[in-house]
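Comments concern the structure below.
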DNA sequence: ATAATATATCAGTGAGTAGTGATATGGACC
DNA sequence: GGTCCATATCACTACTCACTGATATATTAT
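Residue numbers (the UniProt record's numbering), protein chains in the order written: chain A, 1 to 116; chain B, 1 to 116.
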């Protein structure tokens, strides 16, 4: 009975941070941007064309991704070229895809979140 | 100029589904539950004790996690014991922790989402 | 059967955030 | 220096979701 509480020793702050990181990925726009960058570094206007999102929207999300350290940017002439900052991120995205192979139907079935 | 559009070929539906899956993880309560289950399967009331969440709240999140296929349940006498459904999920959680080692400060700095 | 405990469901409330449009900044080329 | 284009910022609206409290269902034990 005493050891029930033994499972709580993982710091709660770490959980908050993890949730925040997941939230960074949990948006179709940001995922679309990351997906585009997965293939090659791109300038903002290219991402706009690519994702069909509005430019301020893309800039907003890029700023968020930049703050979180998920992407990095380099100025290239008059463009600013964005790229995924670490291979760990592409690895994570791949893992999610692998996991989705298993739970895709379940995720589709779950109606707790907006379907689109 | 034509190949700019070449990066958009990954199906958009897959992106929506990925976002939905990430959203499943992007909540402190659900992460706390998964974290508790990472160590051993637990009954609902144990999770309640463990995470200090209210019982209806835990049930709600468990239903969500169950629908998404992230956890599985087995009846054990009068208890219902929940467990993480696939090792891929624990692997994913580990990946996130590893990624956090790199981007932790950035995530903390990003104020687009609620800090707590 | 009845009581007690474990778990699930429901409705309402409040907060946080994504998207949009207009606008501002800033570097590059003429 | 001035103009153009790429990118960033701001304010607002509407929507979505997490949490809570009360309640319902189910299963075991007496």
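For every residue, glycine included, the Cβ atom is placed at its ideal position computed from N, Cα and C.
Query raised in the report: Closest Cβ-Cβ distance between residue 76 of chain A and chain B: below 9 Å?
Result: No - not a single Cβ of chain B is within 9 Å of the one on residue 76 of chain A.
Requested in this report: Tell me where the beta strand (DSSP E) around residue 73 of chain A begins and ends.
Outcome: Looking at the DSSP string, the run of the beta strand (DSSP E) that includes residue 73 of chain A is 71-76.
Report task. Could you pull the start and end residues of the alpha helix (DSSP H) that residue 59 of chain A belongs to? Result -> Its alpha helix (DSSP H) spans residues 55-67.
**Report entry** Three-state secondary structure (DSSP) of residue 26 of chain A
**Finding:** Residue 26 of chain A: coil per DSSP, three-state reduction.
Query raised in the report: Would residue 51 of chain B be called buried (16 or more neighbouring beta carbons within 10 Å of its own) or exposed?
Result: By the neighbour-count rule (16 or more Cβ atoms within 10 Å), residue 51 of chain B is buried.
Requested in this report: Kindly indicate which residue of B/35, B/20, B/23 has the alpha-carbon position closest to the one of residue 91 of chain B.
Outcome: Comparing Cα-Cα distances from residue 91 of chain B to each of B/35, B/20, B/23, the minimum goes to B/35.
Query raised in the report: Nearest chain A C-beta to residue 44 of chain B closer than 9 Å, yes or no?
Result: No, because no Cβ of chain A sits closer than 9 Å to the Cβ of residue 44 of chain B.
Query raised in the report: What is the rounded straight-line gap between the Cα of residue 110 of chain B and the Cα of residue 68 of chain A?
Result: C-alpha separation (whole angstroms): 6 Å.
Query raised in the report: Where does residue 8 of chain A fall in DSSP's three states?
Result: Residue placement at residue 8 of chain A is flagged as unreliable, the pLDDT there being 48, under the threshold of 50; the coordinate-derived value follows with that caveat. Look at residue 8 of chain A here: in three-state DSSP terms it is helix.
Query raised in the report: Taking the alpha carbon of residue 100 of chain A as the point to measure from, which residue in B/88, B/33, B/39 has its own alpha carbon closest?
Result: The shortest Cα separation from residue 100 of chain A among B/88, B/33, B/39 belongs to B/88.
Report task. Taking 9 Å as the cut-off, decide whether the C-beta atoms of residue 62 of chain A and residue 84 of chain A are in contact. Result -> No, the pair does not count as a contact, with Cβ atoms beyond the cut-off.
**Report entry** Backbone CA spacing between residue 45 of chain A and residue 64 of chain B [nearest angstrom]
**Finding:** Their Cα atoms are separated by approximately 38 Å.
Requested in this report: Using a Cβ-Cβ cut-off of 9 Å, state whether residue 62 of chain A counts as contacting chain B.
Outcome: Contact with chain B is absent for residue 62 of chain A, since none of that chain's Cβ atoms lies less than 9 Å from the residue's Cβ.
Requested in this report: Consider the Cβ of residue 98 of chain B: report whether some Cβ of chain A lies at a distance smaller than 9 Å.
Outcome: Under the Cβ distance rule, residue 98 of chain B counts among the residues neighbouring chain A, one pair being separated by less than 9 Å.
Requested in this report: For residue 3 of chain A, collect the residues of the same chain with a Cβ closer than 6 Å to its Cβ; drop the 5 residues on either side in sequence, then sort them by chain order.
Outcome: Note that residue 3 of chain A has pLDDT 35, beneath the 50 cutoff, so the model's placement of it is unreliable and the number below is only indicative. No residues qualify anywhere along the chain.
Query - Entirely enclosed beta strand (DSSP E) segments - the stretch 80-113 of chain A, minimum 3 residues - result: Qualifying beta strand (DSSP E) stretches: none in this window.
Query raised in the report: Would you report the Cα separation of residue 75 of chain A and residue 86 of chain B, rounded to the nearest angstrom?
Result: Linking residue 75 of chain A to residue 86 of chain B through their CA atoms gives a straight-line distance of about 43 Å.
Query raised in the report: By Cβ distance, which residues of its chain are closer than 8 Å to residue 107 of chain A, with the 5 residues on each side in sequence left out?
Result: Sequence-distant partners of residue 107 of chain A (beyond 5 residues in either direction) whose C-beta falls short of 8 Å from its own C-beta, in its chain, are 100.
Query raised in the report: Does the Cβ-Cβ distance between residue 54 of chain A and residue 15 of chain B come in under 9 Å?
Result: A distance of 9 Å or more separates the beta carbons of residue 54 of chain A and residue 15 of chain B.
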